[in-house]
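Asker: Chains as they are written, first to last, in the working numbering: chain A, 237 to 351; chain B, 189 to 302.
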Amino acid sequence: NAGVTQTPKFRVLKTGQSMTLLCAQDMNHEYMYWYRQDPGMGLRLIHYSVGEGTTAKGEVPDGYNVSRLKKQNFLLGLESAAPSQTSVYFCASRTIAGGSYNEQFFGPGTRLTVL
Amino acid sequence: AQKVTQAQTEISVVEKEDVTLDCVYETRDTTYYLFWYKQPPSGELVFLIRRNSFDEQNEISGRYSWNFQKSTSSFNFTITASQVVDSAVYFCALSGSQGGKLIFGQGTELSVKP
Chain A
237 NAGVTQTPKF RVLKTGQSMT LLCAQDMNHE YMYWYRQDPG MGLRLIHYSV GEGTTAKGEV
297 PDGYNVSRLK KQNFLLGLES AAPSQTSVYF CASRTIAGGS YNEQFFGPGT RLTVL
Chain B
189 AQKVTQAQTE ISVVEKEDVT LDCVYETRDT TYYLFWYKQP PSGELVFLIR RNSFDEQNEI
249 SGRYSWNFQK STSSFNFTIT ASQVVDSAVY FCALSGSQGG KLIFGQGTEL SVKP
């Protein structure tokens, strides 16, 4: 099993450009999450999904959109990138089997720089 | 609102020293879950432990141990006889009942010098 994978690993954008980050998991997990990590702030939740076709806002959703058309994929979109979106983005997934006790499995991260 | 505070931003120790990483949390949920993750210099996030709010037993795994005290809303992590490979950023996280969302602390960067 590959676990959670993220594409791309690195990306440099100019202000105003758009892009999509892809997250894929092969563990048949129901829940998926997108976080951003900034120095001194830990990880903050952007959006999450509790199942195929459903998404919800997290702590810092502004400037991002998401889609979960397939259970195994969770896409994060930036429509008009801004320098404030320079960050490391992590995708995570978890199963609901057994309840809310389960840990999240994280992807390797995507380092995004917006100039 | 839920909150996790890791007051220690950076800790530096010499190999073989014991070190404790502090984690204090706030939540109004009666059922919640606490986690520790390790982020080594390579950048990935590695799950270490989870604890639910009804289980206050301390846990030991090799050189790692965790002390959960509901009375002080703390979930501290101790590394005994630290090693250079323990150098990493350690995150404490809290999850309530809504969607399993994780609220992370700011992280503690541990540097273990030989």
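Using N, Cα and C, we set each Cβ at its ideal position, and we do this for glycine too.
#1: Here's the rule I'm using: 16 or more other beta-carbon atoms within 10 Å means buried, otherwise exposed. How should A:ALA333 be labelled?
#2: Quick check on the burial criterion: 16 or more other C-beta atoms within 10 angstroms. Buried or exposed for B:ALA269?
#3: Within 8 Å, do at least three Cβ pairs link the stretch 196 to 207 of chain B to the stretch 303 to 313 of chain A?
#4: Who are the near neighbours of B:ILE291 in its chain, counting only those whose CB is closer than 6 Å to its CB and skipping five residues on each side?
#5: Is it true that the stretch 233 to 240 of chain B meets the stretch 339 to 350 of chain A, where meeting means three or more beta-carbon pairs spaced less than 8 Å apart?
#6: Applying the 10 Å Cβ sphere with the 16-neighbour rule, what's the burial state of A:LYS245?
#7: Expressed to the nearest angstrom, what Euclidean distance is found between the alpha-carbon atoms of A:GLY252 and A:ARG330?
#8: Based on the DSSP output, what are the partners of B:SER283 in its beta bridges?
#9: Looking only at C-alpha atoms, which of B:PHE242, B:SER299, B:TRP224, B:GLU247 sits nearest to B:VAL272?
#10: Tell whether a beta-carbon distance below 8 Å holds between B:GLN196 and A:GLY278.
#11: So, under 8 Å CB-CB, B:PHE256 and B:ARG238 are touching, yes? Tell me the CB distance rounded to an integer number of Å.
#12: What's the C-alpha gap between B:THR208 and A:GLY239?
#13: With 7 Å as the C-beta to C-beta threshold (strictly closer), list the residues of the stretch 270 to 287 of chain A near chain B in chain order.
#14: Does DSSP classify B:SER270 as helix, strand or coil?
#15: Whole angstroms is fine: what's the gap from A:THR290's alpha carbon to B:CYS280's?
#16: Measuring straight from C-alpha to C-alpha, what distance separates A:ALA317 and B:SER275?
#17: Among A:GLN321, A:PRO319, A:GLU295, A:TYR284, which has the Cα closest to the Cα of A:SER303?
Answerer: Well, looking at it:
#1: exposed
#2: exposed
#3: no
#4: The beta carbon of B:ILE291 sits closer than 6 Å to the beta carbons of GLN190, VAL192, LEU282 from its chain, once the five residues preceding and following it are set aside; these are given in chain order.
#5: yes
#6: exposed
#7: 33 Å
#8: For B:SER283, the beta-bridge partners assigned by DSSP are B:TYR221, B:LEU290.
#9: B:SER299
#10: no
#11: The beta-carbon separation of B:PHE256 and B:ARG238, rounded to 11 Å, does not stay under the 8 Å limit for a contact.
#12: 31 Å
#13: GLY276, MET277, GLY278, LEU279, LEU281, TYR284, VAL286
#14: coil
#15: 28 Å
#16: Approximately 34 Å between the Cα atoms of the pair.
#17: A:TYR284
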